[in-house]
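Numbering (the working numbering), first residue to last: 8 to 85. Report on the structure given below.
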């Protein structure tokens, strides 16, 4: 996991650091939107009460459906 650069005390971030933070935030927003789309499926957002092998199959199926749904979008280079 990558974290953004923090501003040092009594100093400013360099332009390169600000640009890197901006790129990181745009990637993070994209991933958060995908997670939101996955959680539209109630089974993915609540506690799963079946066997863990079944859970893996369900999550992979949901991810496949989400991928079909966003297939028309241009995915950024992550």
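Where a beta carbon is used, it is the ideal one built from N, C-alpha and C, also for glycine. None of these values were measured; they are calculated from a predicted model.
Worksheet item: Is DSSP giving residue 21 helix, strand or coil here?
Response: coil
Discussion item. Suppose you measure from the CA of residue 53 to the CA of residue 28; what does that come to, to the nearest Å?
Written reply: 32 Å
Worksheet item: On the three-state DSSP scale, how would you describe residue 60?
Response: helix
Practice prompt. Return helix, strand or coil for residue 9, following the three-state DSSP convention.
Written response: coil
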